[in-house]
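Visitor: In this note's numbering, the protein residues as written are 88 to 1027. Note that the Cβ used here is the ideal one computed from N, Cα and C, for glycine as well. Below: one structure in structure tokens.
Now the structure itself:
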């Protein structure tokens, strides 16, 4: 029984704690990166503040007219020249049209093809009319409307002192030269309009001159658009300007139907101080804001239409009113945050993404994750510890960012609520970790993951700044498209930073702003609630997807495993279900060799064992096959071709074979490194297709490559894997000491030296010690003695022979001596197939049925020796002849060793035989013969 999840979590936590303690400098540099960024931005801000000329900024605002009693009915209300004064009640003024200045009004100067425009000579005395263009489907009706547009008409000066409310009956206008006027169809000399307005405690009178308004008919809206464009185009190119004041299209309007399109120029210069307070909303900046252009133009036409209907109705447009405001204290304080923009902060927040991705992919590439898994570490403890570490690192990073940004006086952090910032950054960091976990399933190289991770934050950061931001600011774009783009984590982060950054722009224009607060979460315009919801949903979705892909590898594998589980329950019994599945799997199209008797017997025993409900055998391989599908037109590669074998506890099975024979592939399938294409295996009664997680708790693995952490010591490796095998306290310490001694790593200082400083042989011995710690029931050793010196090899053999008493060991090797010393049974694999299996003696007797006679004589006597041997043993075959030394292969059948000895002793008296010897077949001879026969049968 393996360790519990709590014990696994504890083991992994302690191991990671040691690794992170040794990497504390790197982690500190990462967490303090926000300090570098904030220092650069803050330092630049301080430098600009100091280099800018000092401005006298008052600490107390003294508005001389703030205590004046205001008559709200007075035109203009309270008007103070000091724009920083508080405004307890808003000022009122009649709405006014903006019209072109006299020298810019449209005239008949050749720019337009129409002849009804005023003569250009009017520009000399500033008497040019303000031109309005009109069109519609009913010309007579339109003409009747425009004739009464400037109601009321007056023939003399008008004094409004008695009733200022009648001021709204006039079409008031303003331009950038004369400032104020009122429009009439025809202006008579000395026609003026006098009105009162209040300035502080005084009430003064203002005279407004008359400006002629000219209504000109055009046949179509296309003609109107052409004229409007001509004047506008000339103005934008700083040439002589011919501006049209406005245009009306009455469409299908008639006496019973009223439709209207109004066109006006919204690009006129608005940076000129207006001399008349009631005509312009004197805002906090002191500049001319947009007047009520559209309402005034539409009101003119609507009132005229109502007048023509004769029902006595009218729409009165009396006044517009400024909103009250608080006093503004202008402080000479430069803030660089609005100039920097959101992009640097977005990049900085994403910096941890490639860090997380690289760490996960590195463990995957180095196979450290699968190594831990093969020693019993479950998925849940691994993900829990990894997630907790990255979350802690992310929180420290965010807190560092907010802290240093606030200390260095960056408005981006100070202005927005710290609680709101933490909630959104916390949600995003969780989303970023889960997204990195998901992306890690698609990478097998840390280098590729590094490049991809940094490209992701740079490219998608730029896309968000250039593309996504333009969509956010486009009010005509459907919000559903914005939501769809926010499904990408980079865009979600940009939306957050953008909304935190937006109030800074308002403040940069001397407008009060409190940043983003909790109350703003309910505002649908900023979209923060939607972004938070998206991030939380994606957080869980990415985690589930990452866990699924990590566990199954792909959607297809998960579905296949589910199908196997269902089939197992339907047919009642693991072994019967596995057999039925094997018969349904597609067989490979490969050449079929004639199997030897021992291989056939092995397969028959396996089939018999599968019929039993329980078995005392540790390992049973049932027709295991592995094929790598060819790509780009290449043929399929058959790595393992239906291997069946079994082994019991207390045995060591040696797998021999040439390079590429399929030994490592077989071990990889048994240890979960790779999935079998068909067939299966049972480890302690558990199916490798269904119960690999349970199998891992009872096996030990020494892989072909040393899968070790460079920044852990040998003792720390054994501590970690010992804890995974439920060892603790004194038992753990004794097991570690015994393991270190058994593989000769107990010399002074060696156990506590970092593995990165170990030699290749020391790493190999540590890998063997790891595979044996914790008393595993089955141990896989893939060429465990490679790279070891003879003394270390002998000690390793002693450790393995001692360890196999209570467990099954599967060992692959290229050393025939090692196989003979350690293995109870030996299987030779060639071309992916099991060629033979048995004990060393059985293989020698079965496949090495000959002896080798070696004779060394003086040069010139080789033929006599050959004649002697053939006369004595007619079936002898000379296989070697170099410089007086000859080797003869003699069949054991019919050979008597005593006669060979007698004949050679007699020959020594007659011939100059320097040495001779008779040797039995070695395991190496068996190996070479079996491999050669396999190659020949494959070619055939």
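Is DSSP giving residue 635 helix, strand or coil here?
Guide: For the purposes of this step, residue 635 is identified with residue 548 of the chain shown, where counting begins at 1. Reduced to three states, the DSSP call for residue 635 is helix.
Visitor: Please name the residue, chosen from 603, 626, 483, 767, that lies closest to residue 502 on a Cα-to-Cα basis.
Guide: By 1-based counting over the chain shown, the position of residue 502 is 415. Of the candidates 603, 626, 483, 767, the one whose C-alpha sits nearest the C-alpha of residue 502 is 603.
Visitor: How would you label residue 763, buried or exposed, when you count the other beta carbons within 10 angstroms and need 16 or more for buried?
Guide: The residue you call residue 763 lines up with position 676 of the chain shown. It is buried - the Cβ of residue 763 has at least 16 other Cβ atoms within 10 Å.
Visitor: Is the beta carbon of residue 622 sitting closer than 8 Å to the one on residue 387?
Guide: The sequence position of residue 622 within the chain shown is 535, counting from 1. The sequence position of residue 387 within the chain shown is 300, counting from 1. No, these two residues do not count as a Cβ contact at 8 Å.
Visitor: Tell me the rounded alpha-carbon separation between residue 856 and residue 685.
Guide: In the chain shown, residue 856 corresponds to position 769, counting from 1. In the chain shown, residue 685 corresponds to position 598, counting from 1. Rounded to the nearest angstrom, the two C-alpha atoms are 34 Å apart.
Visitor: Thinking just about the alpha-carbon of each residue, which of 520, 113, 114, 711 is nearest to the one in residue 750?
Guide: If you number the chain shown from 1, residue 750 lands on position 663. Ranking the options by Cα distance to residue 750, first place goes to 711.
Visitor: Within 10 angstroms of its Cβ, does residue 553 collect 16 or more other Cβ (buried), or is it exposed?
Guide: The residue you call residue 553 lines up with position 466 of the chain shown. Exposed, because fewer than 16 other Cβ atoms sit within 10 Å of the Cβ of residue 553.
Visitor: Among 801, 561, 109, which has the Cα closest to the Cα of residue 835?
Guide: Within the chain shown, the letter at position 748 stands for residue 835. Ranking the options by Cα distance to residue 835, first place goes to 801.
Visitor: If you draw a straight line from the C-alpha of residue 208 to the C-alpha of residue 394, how long is it?
Guide: Mapped onto the chain shown, residue 208 falls at position 121. Mapped onto the chain shown, residue 394 falls at position 307. Straight-line Cα distance between these residues: approximately 36 Å.
Visitor: Starting from residue 968, follow the beta strand (DSSP E) in both directions and report where the run begins and ends.
Guide: Your numbering for residue 968 matches position 881 in the chain shown. From DSSP, the beta strand (DSSP E) with residue 968 extends over 964-969.
Visitor: Would you identify the three-state DSSP class for residue 305, choosing helix, strand or coil?
Guide: The residue given as residue 305 occupies position 218 in the chain shown. Correct three-state label for residue 305: coil.
Visitor: The alpha helix (DSSP H) that contains residue 433, what's its start and end?
Guide: Indexing the chain shown from 1 puts residue 433 at position 346. Per DSSP, residue 433 belongs to the alpha helix (DSSP H) from 430-437.
Visitor: What is the rounded straight-line gap between the Cα of residue 377 and the Cα of residue 333?
Guide: Here the question's residue 377 lines up with position 290 in the chain shown. Here the question's residue 333 lines up with position 246 in the chain shown. Bear in mind that the predicted position of residue 377 carries a pLDDT of just 45, short of 50, making it unreliable; the figure below should be weighed with that in mind. Straight-line Cα distance between these residues: approximately 15 Å.
Visitor: For residue 134, does the count of other Cβ atoms within 10 angstroms reach 16, so buried, or fall short, so exposed?
Guide: Translated into the one-based positions of the chain shown, residue 134 becomes position 47. Exposed, by the Cβ-count rule.
Visitor: Can you tell me the Cβ-Cβ gap for residue 853 and residue 431, rounded? I've got them flagged as a contact below 8 Å.
Guide: Numbered from its first residue, the chain shown carries residue 853 at position 766. Numbered from its first residue, the chain shown carries residue 431 at position 344. Not a contact, Cβ separation roughly 46 Å.
Visitor: Measuring straight from C-alpha to C-alpha, what distance separates residue 931 and residue 938?
Guide: The residue given as residue 931 occupies position 844 in the chain shown. The residue given as residue 938 occupies position 851 in the chain shown. Taking the straight line from one Cα to the other gives about 11 Å.
Visitor: Which residues bound the beta strand (DSSP E) around residue 1005?
Guide: The residue given as residue 1005 occupies position 918 in the chain shown. 1000-1006 is the span of the beta strand (DSSP E), which, as asked, contains residue 1005.
Visitor: DSSP state of residue 955, grouped into three classes?
Guide: Counting from 1 along the chain shown, the entry for residue 955 is found at position 868. Three-state DSSP puts residue 955 in a helix.
Visitor: Quick one: residues in its chain with C-beta nearer than 7 Å to the C-beta of residue 958, no 5 flanking neighbours on either side, listed in chain order?
Guide: The residue you call residue 958 lines up with position 871 of the chain shown. Same-chain partners within the cutoff: there are none.
Visitor: Taking the alpha-carbon positions, what's the residue 864 to residue 893 distance?
Guide: Against the chain shown, residue 864 aligns to sequence position 777. Against the chain shown, residue 893 aligns to sequence position 806. Looking at the two C-alpha atoms, the distance is approximately 7 Å.
Visitor: Report the residue from 335, 300, 296 whose alpha carbon sits nearest the alpha carbon of residue 315.
Guide: Along the chain shown, read from residue 1 onward, the residue named residue 315 stands at position 228. If we check each option's Cα against that of residue 315, 335 comes out closest.
Visitor: Looking at the unbroken alpha helix (DSSP H) that takes in residue 209, where does it start and where does it end?
Guide: As a working mapping, residue 209 is identified with position 122 in the chain shown. That run of the alpha helix (DSSP H) goes 209-212.
Visitor: Kindly confirm or deny that the segment 938-956 and the segment 912-919 touch, where touching means at least three C-beta pairs closer than 8 Å.
Guide: Touching, no, given that fewer than three Cβ pairs across the two stretches are closer than 8 Å.
Visitor: Three-state secondary structure (DSSP) at residue 144?
Guide: By one-based count along the chain shown, residue 144 stands at place 57. Model confidence at residue 144 stands at a pLDDT of 44, short of 50, so the residue's coordinates are unreliable; what they give is reported in the following sentence. Coil.
Visitor: CB residue 799 to CB residue 823, shorter than 8 Å?
Guide: Sequence index remark: in the chain shown, residue 799 carries index 712 (1-based). Sequence index remark: in the chain shown, residue 823 carries index 736 (1-based). No, Cβ-Cβ distance for residue 799 and residue 823 is not below 8 Å.
Visitor: Could you give the C-beta distance for residue 842 and residue 797, rounded to a whole number, given that I count them as a contact under 8 Å?
Guide: As a working mapping, residue 842 is identified with position 755 in the chain shown. As a working mapping, residue 797 is identified with position 710 in the chain shown. Sure, about 6 Å apart at Cβ, within 8 Å.
Visitor: Could you spell out where the alpha helix (DSSP H) holding residue 382 opens and where it closes?
Guide: Here residue 382 refers to the residue found at position 295 of the chain shown. Per DSSP, residue 382 belongs to the alpha helix (DSSP H) from 380-396.
Visitor: Span of the beta strand (DSSP E) holding residue 218?
Guide: Position 131 of the chain shown, counting from 1, holds the residue named residue 218. That run of the beta strand (DSSP E) goes 217-222.
Visitor: Taking just the CA atoms, how far does residue 739 sit from residue 899?
Guide: Here residue 899 refers to the residue found at position 812 of the chain shown. Here residue 739 refers to the residue found at position 652 of the chain shown. If I take the Cα positions, the gap works out to 10 Å.
Visitor: Taking all protein chains shown into account, do 16 or more other C-beta atoms lie within 10 angstroms of the C-beta of residue 968, making it buried, or fewer, making it exposed?
Guide: The residue you call residue 968 lines up with position 881 of the chain shown. Exposed, by the Cβ-count rule.
Visitor: Specify the secondary structure class of residue 187 as computed by DSSP and reduced to three states.
Guide: The count along the chain shown starts at 1 and reaches residue 187 at position 100. Coil.
Visitor: Check each candidate in 475, 449, 434, 620 and name the one with the smallest Cα separation from residue 584.
Guide: One-based indexing of the chain shown puts residue 584 at position 497. Comparing Cα-Cα distances from residue 584 to each of 475, 449, 434, 620, the minimum goes to 434.
Visitor: Is it buried or exposed for residue 727, if we count other Cβ within 10 angstroms and need 16 for buried?
Guide: The residue given as residue 727 occupies position 640 in the chain shown. Classification of residue 727: buried, given that the 10 Å Cβ count is 16 or more.
Visitor: From this set, 463, 519, 789, 901, which residue's C-alpha is nearest residue 474's C-alpha?
Guide: Counting from one through the chain shown, the residue named residue 474 turns up at place 387. Ranking the options by Cα distance to residue 474, first place goes to 519.
Visitor: If I follow the unbroken beta strand (DSSP E) through residue 271, where does it start and stop?
Guide: The residue you call residue 271 lines up with position 184 of the chain shown. Note, residue 271: beta strand (DSSP E), 268-271.
Visitor: Mapping the DSSP letters down to three states, classify residue 910 as helix, strand or coil.
Guide: For the purposes of this step, residue 910 is taken as the residue at position 823 of the chain shown. Note: residue 910 maps to coil in three-state DSSP.
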